[in-house]
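Data first, discussion second: the structure below is written as structure tokens.
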DNA sequence: ACAAAAGTGTTGAAAGTACACCCATGT
DNA sequence: ACATGGGTGTACTTTCAACACTTTTGT
């Protein structure tokens, strides 16, 4: 069923950079393309936006179809539309990034024929289209996001230890943090709730589990408080 | 000359929120629509993206065609694509914001039939489509941008006085600043060059003119220095 | 008993904030 | 001469950054 317009239109897609945290590393979810162009190469999950579908919905749908992920933190990143970015024709893509924690949302295989896999940052293979460029911007944005908002809690399970949280920040920021200063800042902010539980599997001394205090955070955000967590 | 595709495609436009500074106020450039829908209502300048044209180029072209402005600071804001945002059909728009200073880029009239005019923030009329929503986001972004980068200098003429700069910050941030502390912070940053000139038209004591030190700024930005100017 | 990671306070430096007077100029 | 806005320094408070030892627990 063909569709005809008075003027030429670029095609519109959404692409999504999915960041996932496992015990060791922050990883990125990639799919191996089953179709031309760039067949067999790795790429960001994504696909064509349907008419009547908002870009947010489209990004969520593609993510669900290609990777099985749903109910994740998803935010628009940037729109890329250089005419040469797709060899076939002019394709404009609205890029998103998503944060998931790999323990609560296990790494589901793709539902269609394409292969999906998680890659640590420094082992990302060459990517199709301008996806390396998109990924680079997403990484920058992730750093900024974690610095100024408590988005880190989207990457962690509901209950987490302070060393886990600190280690997440250290890996994203690219440098180590002082344990005492890090905890001091957190406790002054008051967005963590101490639980009575401790981690179970610990090989050494078990760390206390904490939860994120959504309500306290809402209050602070509404009051325009400074939420930088270094 | 009609164009036919295998699947339906949303239309793609760019829209631009143009902020301009004159002596009194930060103003927004709006055009009065000459065509349906929303004929006669005020709206953001913008129009359809052509195939083979990058969104940045499209936004610049529309801005030039509709308002005569060129060579301005232009940055992508967000992409809006709710299917209901245009009553005709699904239109996705890539929104930009621009910063101009009204002394160096005088308020040129529109080249096509539409009327163009500058409105202070609190006198913006009801806008077509979801343009009020776009404008609100642009305002938030402008505040953040001025806070963390020296984008303020895009709004000012090449040579400006410190009271002008401070007043700009005060209007954007919505509160007053201490004169001495403001100057202290600026001089510590070292991104201003003192000239030997003074303002001419002053009704009272003339203030010294300063220039923005682009090179010093580049050096700082490259070194990831903290550039917050309150 | 020891190895390995969890947890906890203090001090000095830097930055931020509040605050008041003199100066230059046009009328 | 005076009214108006331009220009300047200091003391106090808060925040940031550096730093080392004790505790717990599994092996």
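Protein chains in written order, with my numbering: chain P, 24 to 253; chain U, 24 to 253. Beta carbons: idealized from backbone N, C-alpha and C, even for Gly. As the structure is a prediction and not an experimental result, all values here were calculated from the model.
Shorter than 8 Å from the beta carbon of residue i to some beta carbon of chain U?
i: residue 113 of chain P; result: yes
i: residue 117 of chain P; result: yes
i: residue 85 of chain P; result: no
Which bits of chain P does residue i rub up against, with CB to CB less than 9 Å?
i: residue 32 of chain U; result: 26, 28, 32, 33, 34, 35, 71, 72 and 74
i: residue 210 of chain U; result: By Cβ distance, chain P contributes nothing, its closest Cβ being about 24 Å from residue 210 of chain U, past 9 Å.
Reducing DSSP to helix, strand and coil, say where residue i ends up.
i: residue 288 of chain P; result: The question about residue 288 of chain P has no answer here: the residues shown for chain P are numbered 24 through 253.
i: residue 145 of chain P; result: helix
i: residue 189 of chain U; result: helix
i: residue 74 of chain U; result: coil
i: residue 158 of chain P; result: helix
i: residue 99 of chain P; result: strand
i: residue 207 of chain U; result: helix
i: residue 128 of chain P; result: coil
i: residue 233 of chain U; result: strand
i: residue 138 of chain U; result: strand
i: residue 81 of chain U; result: helix
i: residue 254 of chain P; result: The requested residue 254 of chain P is not part of the displayed model; chain P covers only 24 to 253.
i: residue 120 of chain P; result: strand
i: residue 88 of chain P; result: helix
i: residue 176 of chain P; result: helix
i: residue 184 of chain P; result: strand
i: residue 44 of chain P; result: strand
i: residue 34 of chain P; result: strand
i: residue 200 of chain P; result: coil
i: residue 66 of chain U; result: strand
i: residue 212 of chain P; result: helix
i: residue 251 of chain U; result: coil
i: residue 58 of chain P; result: coil
For residue i, would you say it is in contact with chain P, using Cβ-to-Cβ distances shorter than 8 Å as the test?
i: residue 189 of chain U; result: no
i: residue 88 of chain U; result: no
Using the beta-carbon of each residue, which ones in chain P are nearer than 8 Å to residue i?
i: residue 99 of chain U; result: 101 and 102
Report the option in the options whose CA atom is closest to the CA atom of residue i.
i: residue 49 of chain U; options: U:63, U:80, U:116 and U:191; result: U:191
i: residue 236 of chain U; options: U:221, U:228, U:245 and U:217; result: U:217
i: residue 179 of chain U; options: U:117, U:146, U:44 and U:224; result: U:44
i: residue 207 of chain U; options: U:189, U:82 and U:73; result: U:189
i: residue 129 of chain U; options: U:36, U:93, U:196 and U:168; result: U:93
i: residue 137 of chain P; options: P:26, P:65 and P:154; result: P:65
i: residue 139 of chain P; options: P:24, P:46, P:53 and P:249; result: P:53
i: residue 176 of chain P; options: P:215, P:105, P:24 and P:100; result: P:215
To the nearest angstrom, how far is the alpha carbon of residue i from that of residue j?
i: residue 84 of chain U; j: residue 67 of chain U; result: 14 Å
i: residue 127 of chain P; j: residue 90 of chain P; result: 15 Å
i: residue 70 of chain U; j: residue 76 of chain U; result: 13 Å
i: residue 33 of chain P; j: residue 200 of chain P; result: 46 Å
i: residue 98 of chain U; j: residue 119 of chain U; result: 6 Å
i: residue 41 of chain U; j: residue 51 of chain U; result: 6 Å
i: residue 253 of chain P; j: residue 186 of chain P; result: 15 Å
i: residue 78 of chain U; j: residue 115 of chain P; result: 8 Å
i: residue 57 of chain U; j: residue 157 of chain U; result: 21 Å
i: residue 152 of chain U; j: residue 220 of chain P; result: 52 Å
i: residue 183 of chain P; j: residue 123 of chain P; result: 14 Å
i: residue 164 of chain P; j: residue 172 of chain U; result: 16 Å
i: residue 212 of chain P; j: residue 148 of chain P; result: 39 Å
i: residue 245 of chain U; j: residue 251 of chain U; result: 15 Å
i: residue 38 of chain P; j: residue 95 of chain U; result: 30 Å
i: residue 239 of chain U; j: residue 194 of chain U; result: 26 Å
i: residue 30 of chain U; j: residue 107 of chain P; result: 21 Å
i: residue 243 of chain P; j: residue 143 of chain U; result: 31 Å
i: residue 125 of chain P; j: residue 230 of chain U; result: 59 Å
i: residue 228 of chain P; j: residue 88 of chain P; result: 42 Å
i: residue 109 of chain P; j: residue 61 of chain P; result: 10 Å
i: residue 233 of chain U; j: residue 222 of chain U; result: 10 Å
i: residue 103 of chain U; j: residue 169 of chain U; result: 23 Å
i: residue 74 of chain U; j: residue 86 of chain P; result: 27 Å
Which bits of chain U does residue i rub up against, with CB to CB less than 7 Å?
i: residue 105 of chain P; result: 77
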